[in-house]
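S.K.: The structure follows.
Quick look at the structure:
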């Protein structure tokens, strides 16, 4: 990993061994198509709602996608004080 | 609050970038916030080095993952000067940290804030107006398939796993939404951006919010 010598870091649950096989990519693509149908079917009448479909990630299984692209570690953030009201300076 | 606001229209947001097969979203979002904060202060808008944060932010894991909070703490505590991307370009893999002389020009931060704004997205919008684009960490599992429109379902505030940059909001339509810059290239989503419904902590967008001061 480029001389870092560190562990694989957080969330390292999927380690790809070599380029994906055609079969694997085809299976992932089919699963993506099914997922798109489901996601788009639930709120068909909401005109502004998100649409889901084929993009550069459709050849990845969700666990592959997550293992490569979703690598930000969560942290605990203090709650914004309820009694605090931020005044907005005039934004020029 | 204005009905809509977008820092892109003030020309203080750099172009969408592509993290490729590197799990460095946490670095892209932090560097994006510093770029904008500096431009808001009158500095020229330019790409700063994400690779420097990936290689040198020792409490993170480079392309294997990291935390926005750790990166901000490192930038602030070490008073790191971020150099231009052209001087330390992105390689989409971990590398050995490159050091620069003290006299080398760069951009450092004076501080940062980090809050959970869930249930207070109106205050979060004020923070956006006051400090500039906000670093947020969201649950982006369903973003794998996103093509466009306002994300308002299928996106829990479960486990935060992806860092992005909120550059604006738009409440003029039937569904108010945050304007969110991603780091998956400009062909993803809406020219590289996602629109996430405001007011319901969709994707956990308000749980982990940071802003930088320069």
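Protein chains in written order, with the numbering used here: chain A, 546 to 637; chain B, 139 to 352. No residue lacks a Cβ here, since even glycine has one placed at the ideal position from N, Cα and C.
(1) So does the region 617-627 of chain A actually touch the region 304-321 of chain B, counting three or more Cβ pairs closer than 8 Å?
(2) Going by C-alpha distance, which of 263(B), 212(B), 228(B) and 215(B) is nearest residue 156(B)?
(3) Give the C-beta separation of residue 209(B) and residue 165(B) to the nearest angstrom, bearing in mind that I take them to be a contact with Cβ-Cβ under 8 Å.
(4) With a threshold of 8 Å between beta carbons, is residue 207(B) in contact with chain A?
(5) Closest to residue 216(B) by C-alpha separation, out of 240(B), 200(B), 222(B) and 271(B), would be which residue?
(6) From this set, 611(A), 581(A), 591(A) and 627(A), which residue's C-alpha is nearest residue 159(B)'s C-alpha?
(7) Can you tell me which residues form a DSSP beta bridge with residue 614(A)?
(8) Pull up the distance between the alpha-carbon of residue 235(B) and that of residue 206(B), whole angstroms please.
(9) Pop quiz: residue 242(B) and residue 617(A) are said to be a contact at Cβ under 8 Å. What is the actual Cβ separation, rounded to whole angstroms?
(10) Less than 8 Å between C-beta atoms, sequence neighbours within five positions excluded: which residues of the same chain meet that for residue 570(A)?
(11) Please state the DSSP three-state secondary structure of residue 599(A).
(12) I want to verify the contact list: residues of chain A whose CB lies under 7 Å from the CB of residue 278(B), in sequence order.
(13) Output the residue ranges of the alpha helix (DSSP H) runs that lie fully inside the region 258-338 of chain B and measure 4 residues or longer, sorted by chain position.
(14) According to DSSP, residue 253(B) sits in a beta bridge with which residue or residues?
(15) For residue 253(B), decide whether its Cβ has a neighbour in chain A, counting only Cβ atoms nearer than 8 Å.
(16) Can you tell me where the alpha helix (DSSP H) with residue 193(B) in it begins and where it stops?
(17) Please decide whether residue 625(A) counts as near chain B, where near means a Cβ-Cβ distance under 8 Å.
(18) Give me the residue from 195(B), 232(B), 255(B) and 226(B) with the minimum Cα distance to residue 238(B).
(19) Quick check on the DSSP output: the beta strand (DSSP E) that includes residue 142(B) runs from which residue to which?
(20) Quick one: what does DSSP say residue 342(B) is sitting in, helix, strand or coil?
(21) Could one say the Cβ of residue 574(A) lies closer than 8 Å to chain B's Cβ atoms, at least one of them?
(22) When the Cα atoms are used, what is the spatial distance from residue 579(A) to residue 246(B)?
(23) Given this structure, state the Cα-to-Cα distance separating residue 262(B) from residue 255(B), to the nearest angstrom.
(24) Suppose you measure from the CA of residue 553(A) to the CA of residue 566(A); what does that come to, to the nearest Å?
M.R.: Answer, in terms of the structure:
(1) No, the region 617-627 of chain A does not touch the region 304-321 of chain B.
(2) In terms of CA proximity to residue 156(B), 228(B) leads the group 263(B), 212(B), 228(B) and 215(B).
(3) Confirmed, about 6 Å.
(4) For residue 207(B), the nearest CB of chain A lies under 8 Å from its own CB, placing it at the interface with that chain.
(5) Taking the Cα of residue 216(B) as reference, the smallest distance to any Cα among 240(B), 200(B), 222(B) and 271(B) is reached at 240(B).
(6) Of all alpha-carbon atoms in 611(A), 581(A), 591(A) and 627(A), the one lying nearest the alpha-carbon of residue 159(B) is that of 611(A).
(7) None; residue 614(A) has no bridge partner.
(8) Whole-angstrom Cα-Cα distance: 18 Å.
(9) Incorrect: roughly 29 Å between the Cβ atoms, too far for contact.
(10) The answer, listed in chain order, is 604.
(11) In the structure shown, residue 599(A) falls within a coil segment according to DSSP collapsed to helix, strand and coil.
(12) Those within 7 Å of residue 278(B) in chain A are 615.
(13) Correct list: 259-269.
(14) Here residue 253(B) is bridged, per DSSP, to 347(B).
(15) Judged by the 8 Å Cβ criterion, residue 253(B) is in contact with chain A.
(16) Residues 188-194.
(17) Yes, its Cβ sits closer than 8 Å to a Cβ of chain B.
(18) Comparing Cα-Cα distances from residue 238(B) to each of 195(B), 232(B), 255(B) and 226(B), the minimum goes to 226(B).
(19) Where residue 142(B) is concerned, the enclosing beta strand (DSSP E) starts and stops at 142-144.
(20) Looking at residue 342(B) - three-state DSSP - the assignment turns out to be helix.
(21) It does not; no Cβ of chain B falls within 8 Å.
(22) One C-alpha to the other measures close to 47 Å.
(23) Going by the C-alpha atoms only, they are around 6 Å apart.
(24) For residue 553(A), the predicted structure reports a pLDDT of 42, less than 50, and the residue's modelled location is therefore unreliable. The matter cannot be settled from this model.
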